[in-house]
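This report refers to the structure that appears directly beneath it.
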Amino acid sequence: MSSTASREQATAAVNSVLSWMLPGSPRVDDNTRSSLKNRSKKGSKAQLINQNLKKAVRVRERDAQGIKKREMKARKKQIRAKQVLEDEAEQRAKLEVLQKHREEGTLTQKERKFLNKVIARNVRDFKSWDSQDDDLRDLQDAVLEYHHSHGSRAIGGKSKKKRGFVEESPASARTADHRYPGLTPGLAPVGLSDEEESDGE
Numbered sequence: 001m002s003s004t005a006s007r008e009q010a011t012a013a014v015n016s017v018l019s020w021m022l023p024g025s026p027r028v029d030d031n032t033r034s035s036l037k038n039r040s041k042k043g044s045k046a047q048l049i050n051q052n053l054k055k056a057v058r059v060r061e062r063d064a065q066g067i068k069k070r071e072m073k074a075r076k077k078q079i080r081a082k083q084v085l086e087d088e089a090e091q092r093a094k095l096e097v098l099q100k101h102r103e104e105g106t107l108t109q110k111e112r113k114f115l116n117k118v119i120a121r122n123v124r125d126f127k128s129w130d131s132q133d134d135d136l137r138d139l140q141d142a143v144l145e146y147h148h149s150h151g152s153r154a155i156g157g158k159s160k161k162k163r164g165f166v167e168e169s170p171a172s173a174r175t176a177d178h179r180y181p182g183l184t185p186g187l188a189p190v191g192l193s194d195e196e197e198s199d200g201e
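Numbering-wise (UniProt numbering), the sequence shown opens with residue 1 and increments by one.
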């Protein structure tokens, strides 16, 4: 009973404030709360259903867009692969024609220039592959040799450094402010003022 009385008193206070601040505003009624709750519940369910339907439509649209993008990528990839194959076939056909003309001795000046460029490019590519393999082998040998000769010492050096750090760490605890143990310099303990610092300035 006291809760209903206090609720009525609060409602009366709210109504008086509303009438004073906003004259002509509708009065708040205790009974309208329950009807508002029922209406809001029904409305919220309808809103939830509506939101879920809209979300499902957005997901479907997004999926459709994603499928279209994937299809376009696959199509472009197929077109590129087809173009590469066509270019290679065309290049082979040109080289076969040039080979035939060379055997017959009917090469034109333009064909001879093109054939010389192709030969020079192929020789350059072959030499670069060969030198890359040699360079790679030399580098691997150098790394392995260095690892075998210096590897054990480097690992031992690391562990010594770690041991030294662990041994030195208790000494570093002395760097804390001796007046207030447990605090780093610059932090004053709770309850003390900063007057000591302001006196020095």
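Glycine is no exception: its CB is placed at the ideal position from the N, C-alpha and C atoms. These figures come from a predicted structure and were not determined experimentally.
- Residue state for residue 139 is assigned as helix, using DSSP reduced to three classes.
- Fewer than three beta-carbon pairs drawn from the stretch 63 to 71 and the stretch 79 to 90 are found closer than 8 Å, and the two stretches are therefore not classed as touching.
- Residue 28 is positioned such that its CB atom lies no closer than 7 Å to that of residue 4.
- By the Cβ rule, the stretch 50 to 61 does not count as touching the stretch 71 to 85, because fewer than three pairs are nearer than 8 Å.
- When the Cα atoms are used, residue 94 and residue 79 turn out to be separated by approximately 22 Å.
- Within the same chain, and ignoring the five residues on either side of residue 111 in sequence, the residues whose Cβ sits closer than 8 Å to its Cβ are 98, 101.
- In the three-state reduction of the DSSP assignment, residue 22 falls in the coil class, being assigned neither a helical nor a strand state.
- The three-state reading of DSSP puts residue 29 in coil, since its state is none of H, G, I, E or B.
- In the three-state reduction of the DSSP assignment, residue 66 falls in the helix class, which pools H, G and I.
- In the structure shown, residue 108 adopts coil according to DSSP, grouped into three states.
- In this model, residue 44 and residue 17 are separated by some 30 Å (Cα to Cα).
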